[in-house]
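Take the sequence shown: its letters are residues 10 to 267, numbered as in this note's numbering. Quick reminder that beta carbons are idealized off the backbone N, C-alpha and C, glycines included. The structure presented is a predicted model; accordingly, all values stated were derived computationally and were not measured. What follows is a single structure, written as structure tokens, with notes after it.
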Amino acid sequence: MNIAISVTNLSKQFKINSPAKRALISRFSNIISGVGKRKKIQPLKHISFDVGKGESLGIIGKNGAGKTTLLKLIAGIYKKDSGEVKIDGKLLFLASLANGMKPNLSVRDNVFLVGSIFGLSNKKIKRIFNKIIEFASLENFTDCKVYQLSTGMKSRLSFSTAIHCVEEMNPNIMLLDEVLSGGGGDEEFKEKNSEKIKEIIHSGKTLVIVSHGLSTIEKLCKRTMWLHQGKIMKIGPSKEVIKAYLEFIKKIKAKKSK
10 MNIAISVTNL SKQFKINSPA KRALISRFSN IISGVGKRKK IQPLKHISFD VGKGESLGII
70 GKNGAGKTTL LKLIAGIYKK DSGEVKIDGK LLFLASLANG MKPNLSVRDN VFLVGSIFGL
130 SNKKIKRIFN KIIEFASLEN FTDCKVYQLS TGMKSRLSFS TAIHCVEEMN PNIMLLDEVL
190 SGGGGDEEFK EKNSEKIKEI IHSGKTLVIV SHGLSTIEKL CKRTMWLHQG KIMKIGPSKE
250 VIKAYLEFIK KIKAKKSK
């Protein structure tokens, strides 16, 4: 198997500052005691896995499991503390843009703004503008301010803009962090964006997809990795991993209810 992403013994630690009210007391106490350490958390602990070229790997786990941290380390957004990440190809990290749209700008202006952030020229953005709007079903709203749109419409706009800009950039490897929830409660659009991701997968690109939508992960990814408290609990066929994860969640809920 040709490898697109190779992760070996990857770890990351963050230092957390003391709360503001206690900061002065903590600093004074540290000076007196000779201790200057801040609280540390380790969202990732000795992670190792490979992703083959043309493969789509799902990543699941509870909030705080280390999923986003892992993607940001692979993308080079965060610096690793230890371990190794090897990438073979042009890589792009994509997170949800739903909260990144400028509410006082029009739909049209937001598309051009986001496109420019992705590094596209105005000429290229103009070329894909109609596709973006049609995919989001916002043909009658291009001159509306974004704050005038419903939550679902904003979500459709952000997904459509991002995914079409990414296609234009044509990366070999895509890291998708919770971008598949686009459309709010619009099930028809969720199906539409899943189909769009399938198109990208079938084009031979390598995808790593983080999502809480387990059925979507199972549909799009042959293989899935389950993270818990910064460690890999299980990696393998998506159906098996998701089943193990759901059983784990069920046990936790049963313990809490006692």
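For residue i versus residue j, is the C-beta spacing smaller than 8 Å?
i: Met183; j: Lys214; result: yes
i: Lys243; j: Ala253; result: yes
i: Thr151; j: Val116; result: yes
i: Glu177; j: Lys133; result: yes
i: Ser20; j: Lys54; result: yes
i: Ser91; j: Ile210; result: no
i: Val120; j: Phe138; result: yes
i: Lys71; j: Leu82; result: no
i: Thr225; j: Ser203; result: yes
i: Lys163; j: Met110; result: yes
What's the C-alpha gap between residue i and residue j?
i: Lys62; j: Glu143; result: 31 Å
i: Lys30; j: Glu200; result: Reliability fails at Lys30, whose pLDDT of 48 lies under 50, so the model's placement of it is uncertain and no value is given.
i: Ile68; j: Trp235; result: 6 Å
i: Phe127; j: Asn179; result: 12 Å
i: Ala145; j: Arg165; result: 5 Å
i: Asn131; j: Asn113; result: 21 Å
By the 10 Å Cβ neighbour count, where 16 or more other Cβ atoms means buried, how is residue i classified, buried or exposed?
i: Tyr268; result: Within the shown structure, residues of the chain are numbered from 10 to 267, placing residue 268 beyond reach of any answer.
i: Ile251; result: buried
i: Ala171; result: buried
i: Ile56; result: buried
i: Met10; result: exposed
i: Ala263; result: exposed
Just confirm the distance between the C-beta atoms of residue i and residue j, as a whole number of angstroms; I'd bet it's less than 8 Å.
i: Ile141; j: His173; result: 5 Å
Next item on the list: Decide yes or no for the touch test of the segment 76-85 against the segment 173-189: beta carbon pairs closer than 8 Å, at least 3 of them.
Entry: yes
Next item on the list: Determine, using beta-carbon pairs with one atom in the segment 48-55 and one in the segment 202-216, whether at least three such pairs fall under 8 Å.
Entry: no
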